[in-house]
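What the sequence shown shows, in UniProt numbering, is residues 1 to 412, in sequence order.
Notes follow the structure.
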Amino acid sequence: MCFAVENLSFLGHKIDKYGITPLPEKVEAISNFSRPKTVQDLRRLLGMLNFFRRFLPQAAQKQLPLQKMLGKCKKRDKTPLNWTDESDQAFQNCINDLKEATHLTHPNSNAAIILMTDASDRAIGGCIQQREGDSWKPLGFFSRKLSTAEQKYSAYDRELLAIFASIKYFRYLLEGTKFTILTDHKPITYAFSQKIEKLSPRQINHLNFIAQFTVDIKHITGKDNVVADALSRIESMSTYPLSYEDIARGQQDGEELDLLLKQPTTLTLKKLQVPNTDVMLYCDISTHVIRPNIPKTHRYQVFRNLHDLAHPGVRATVRLICSRFVWPKMKQDIVNFTRSCIACQKSKIFRHLHSPLAEFKMPNQRFVHINIDLTGPLPSSQGFSYCLTAIDRFSRWPEAMPLTDIRAETVA
Numbered sequence: 001m002c003f004a005v006e007n008l009s010f011l012g013h014k015i016d017k018y019g020i021t022p023l024p025e026k027v028e029a030i031s032n033f034s035r036p037k038t039v040q041d042l043r044r045l046l047g048m049l050n051f052f053r054r055f056l057p058q059a060a061q062k063q064l065p066l067q068k069m070l071g072k073c074k075k076r077d078k079t080p081l082n083w084t085d086e087s088d089q090a091f092q093n094c095i096n097d098l099k100e101a102t103h104l105t106h107p108n109s110n111a112a113i114i115l116m117t118d119a120s121d122r123a124i125g126g127c128i129q130q131r132e133g134d135s136w137k138p139l140g141f142f143s144r145k146l147s148t149a150e151q152k153y154s155a156y157d158r159e160l161l162a163i164f165a166s167i168k169y170f171r172y173l174l175e176g177t178k179f180t181i182l183t184d185h186k187p188i189t190y191a192f193s194q195k196i197e198k199l200s201p202r203q204i205n206h207l208n209f210i211a212q213f214t215v216d217i218k219h220i221t222g223k224d225n226v227v228a229d230a231l232s233r234i235e236s237m238s239t240y241p242l243s244y245e246d247i248a249r250g251q252q253d254g255e256e257l258d259l260l261l262k263q264p265t266t267l268t269l270k271k272l273q274v275p276n277t278d279v280m281l282y283c284d285i286s287t288h289v290i291r292p293n294i295p296k297t298h299r300y301q302v303f304r305n306l307h308d309l310a311h312p313g314v315r316a317t318v319r320l321i322c323s324r325f326v327w328p329k330m331k332q333d334i335v336n337f338t339r340s341c342i343a344c345q346k347s348k349i350f351r352h353l354h355s356p357l358a359e360f361k362m363p364n365q366r367f368v369h370i371n372i373d374l375t376g377p378l379p380s381s382q383g384f385s386y387c388l389t390a391i392d393r394f395s396r397w398p399e400a401m402p403l404t405d406i407r408a409e410t411v412a
């Protein structure tokens, strides 16, 4: 273990206050690797290159000619390789990329995050970056080649797969964090507004997974798909203003805090001064993170401020809020708040369960029990293509109301 050093070597990496890079001596050793003569030698080279894969943008795409040379050869095959101009150029490009390996910055929980994804005919990739000052710094790169079946996907499905696979790869950095997905494939930005009937099971599965982390997908043109222009593409999210003074007043007026201070709990509440203010707040100091205690009157406001940033799923929202604030039975409150979020219910894809057939008791008077249904689309008449039908179960009195569409707002 090292203390008071400017940098240190750890598992083939050089770590300093600015970030992490491959060790120069490791890079030099791989750079001096002679051109492989057999399949076994090529596998060994690719293994060494892929150890530093997260530092190499578009690694899968650039390694494709080398991967193609492996074919279906066995693991320890010593068959001589037949080098072509394309494979030789790919070998040189991979070595040069390693020599110029990107410096990865350290994650900052308070920094803005973007995930840029892309897909080609033969590979997919992603890059996660965080905001530092006036520029974006990379946290890591991901790429992999597409299988034979995946190469037959449509452009839309390949781009969706790139987002799905990138989030899965960077899950440890993205879970419980607000972030925006940037893609140069514009149709993907409408993924969460499509009708579920038009989606394939694979698309539903991918969108279900993505929706647990974010539904914020923005378009960026291919020529502008660079860090310098990414910031202008991210729209600001609306928030609900909440001041320290409001929280302090809520703590003073609530009886719940008095009970917490008197009864033994796992929390360690202490009155602390908010930096650069005169406000005193009760905060939990039982962990390494100081978390203000939120009174009942402000809990939903706190939830909206954090959940509305990217509308993550239940588990991600719980982690996001619990890491910053504290109150009794907060997990159950957050679960209830998340499940009642109108925006999530409208945009996220779920597997709808149909209720089983059941018997209903016959009503004993009119307009106590009414059956309603939607009919259409029908031939258009004066702009109307649908009908909302209603029948009173007691008198069998029918009603039919014309509709232009069957959106929730129109039906309501």
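Positions of the beta carbon are idealized from the N, C-alpha and C atoms, including for glycine.
Given a threshold of 16 other Cβ atoms within 10 Å of its Cβ, counted over all protein chains shown, does residue i qualify as buried or as exposed?
i	result
Arg339	exposed
Thr117	buried
Val368	exposed
Ser87	buried
Gly12	exposed
Leu182	buried
Ala408	exposed
Val318	buried
Ala248	buried
Tyr360	The question names Tyr, yet the displayed sequence has Phe at residue 360. By the 10 Å Cβ count, Phe360 comes out exposed.
Ser166	buried
Asn7	exposed
Met362	exposed
Thr389	exposed
Lys195	exposed
Pro24	exposed
Leu260	buried
Val27	buried
Arg291	buried
Ala358	exposed
Measure the Cβ-Cβ separation of residue i and residue j and say whether it is below 8 Å.
i	j	result
Ile163	Ile210	yes
Thr84	Thr38	no
Ser385	Pro377	yes
Asp392	Ile370	yes
Pro312	Phe213	yes
Pro36	Leu45	yes
Lys296	Glu256	yes
Thr268	Asp284	yes
Ile124	Leu161	yes
Ile30	Leu98	yes
Phe337	Gln365	no
Ala101	Phe55	yes
His103	Thr180	no
Gln130	Asn108	yes
What does DSSP give as the partner residue(s) for residue i in the beta ladder?
i	result
Val335	According to DSSP, Val335 bridges with nothing at all.
Met401	Leu388
Pro22	His13
Lys271	Tyr282
Gln129	Ile114, Pro138
His219	Thr183
Val326	Asn293
Leu374	Leu388
Asn7	Asp16
Ile124	Ala119, Arg144
Pro80	Thr38
Ser381	Phe384
Leu104	Ile20
To which residues of the same chain is residue i closer than 6 Å at the C-beta, ignoring the five residues directly before and after it?
i	result
Thr239	With a pLDDT of only 48 at Thr239, under the threshold of 50, the placement of this residue in the model should not be trusted; the figure read from the coordinates follows. Here the set comprises Asn305.
Gly176	Ala316, Arg319, Leu320
Arg158	Ala119
Thr105	Gly19, Lys137
Ser232	Its pLDDT being 29, under 50, Ser232 is placed unreliably by the model, and nothing is read from it.
Asn225	Reliability fails at Asn225, whose pLDDT of 47 lies under 50, so the model's placement of it is uncertain and the value that follows must be treated cautiously. Hits under 6 Å: Asp184.
Lys178	Leu309, Ala310
Ile406	Leu374, Tyr386
Lys270	Ile285
Given residue i, which residues of its chain have a CB within under 8 Å of its CB, disregarding the five upstream and five downstream residues?
i	result
Val302	Leu242, Ile294, Ile321, Phe325
Thr410	Leu403, Thr404
Asp77	Thr38, Val39, Gln40
How about residue i: is its C-beta nearer than 8 Å to some C-beta of chain D?
i	result
Ile210	Checking the listed chains, one finds no chain D in this structure; it contains a single protein chain.
Tell me which same chain residues have a C-beta within less than 7 Å of the C-beta of residue i, skipping the five on either side of it?
i	result
Asp258	none
Lys17	none
Gln151	Asp121, Arg122
Ser9	Leu23
Do residue i and the ligand COA come close, with the Cβ less than 7 Å from some heavy atom?
i	result
Lys195	Because no ligand of any kind appears in the structure shown, any question about the ligand COA cannot be addressed here.
>> Using a Cβ distance threshold of 8 Å, determine whether the stretch 131 to 144 contacts the stretch 49 to 65, with at least three qualifying pairs required.
In response: Result yes; three or more Cβ-Cβ pairs closer than 8 Å.
> Would you say the stretch 321 to 328 touches the stretch 179 to 190, given that touching needs at least three Cβ pairs under 8 Å?
Replying inline: no
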